[in-house]
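To keep things clear, I will list the structure first and then write my remarks on it.
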Amino acid sequence: MIMPRRILQALFLVLFISLTTACGHGDPDNNPPPAKMASRAADQALAMVGKPYHYGGNTPAGFDCSGLVQYSYRRVGFDLPHGTSQLRRVSQVIPRQHLQRGDLLFFNQEGKKSSHVALYLGDDRFVHAPSGGKKVYVSSFNDTYWQKHFSEARRLDVD
5 MIMPRRILQA
15 LFLVLFISLT
25 TACGHGDPDN
35 NPPPAKMASR
45 AADQALAMVG
55 KPYHYGGNTP
65 AGFDCSGLVQ
75 YSYRRVGFDL
85 PHGTSQLRRV
95 SQVIPRQHLQ
105 RGDLLFFNQE
115 GKKSSHVALY
125 LGDDRFVHAP
135 SGGKKVYVSS
145 FNDTYWQKHF
155 SEARRLDVD
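The working numbering puts the sequence shown at residues 5 to 163.
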């Protein structure tokens, strides 16, 4: 029995749509949406409050600012480069008023647009690893120092 060409094309189309829509539906906990992953990374960073600063560090033994971001995202399954300039390259600028938990905040402390990075927590608060022998801690945008040195907000594409 020979099927007309249009019927065969329609069957192929139905089969193709069925197969492609069946793919990609996974357990939501195994593939968290970007906002959920970013929020979990912020939780990881917050858990590191009190850990010491260490230049080049990206473990709980000691963090620098970009090392804290790298560690926090790695703990939720997303690998990032180490370094503020590299983090800027893998993220997109967003308006400050659109900040979400886990977004990156960049500060100009040394005349460079990306000399310091922090993870946004919400409610104008952020967690970061400051230099100068301090420990990982939470700061506020309400602090005039951070307002003065704020450079830009950026979001990672964690799809």
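Beta carbons: idealized from backbone N, C-alpha and C, even for Gly. Keep in mind it's a predicted model, so treat the numbers as computed, not measured.
Annotated three-state conformation of histidine 132 is strand, per DSSP. By the Cβ neighbour-count rule, serine 144 is exposed, with fewer than 16 other Cβ atoms within 10 Å of its own. A direct Cα-to-Cα measurement between tyrosine 59 and leucine 91 gives close to 17 angstroms.
Per DSSP, reduced to three states, the secondary structure at leucine 72 is helical.
Taking C-beta separations shorter than 7 angstroms and ignoring five residues to either side along the sequence, the partners of alanine 39 in its chain run Gln104, following chain order. Secondary structure remark: continuous alpha helix (DSSP H) runs of at least 4 residues inside the segment 57–120, in chain order: 69–78, 88–93. Non-local C-beta neighbours of serine 89 in its own chain, meaning closer than 8 angstroms and more than five positions away in sequence, comprise Ser118, ordered along the chain.
Relative to proline 56, the option among Ala65, Arg129, Ser43, Ser155 whose CA is nearest is Ala65. In the three-state reduction of the DSSP assignment, alanine 42 falls in the helix class. Burial state of glutamine 74 is buried, judged by a 10 Å Cβ sphere holding 16 or more other Cβ atoms. When Gly81, Phe67, Trp150, Gly71 are compared, the shortest CA-CA separation from aspartate 128 is found for Trp150. Judged by DSSP secondary structure, phenylalanine 145 falls outside any beta strand (DSSP E); it is assigned neither H nor E. Listed as beta-bridge partners of lysine 55 by DSSP are no residues whatsoever.
Taking the C-beta atoms as reference points, valine 53 is found nearer than 8 angstroms to valine 131.
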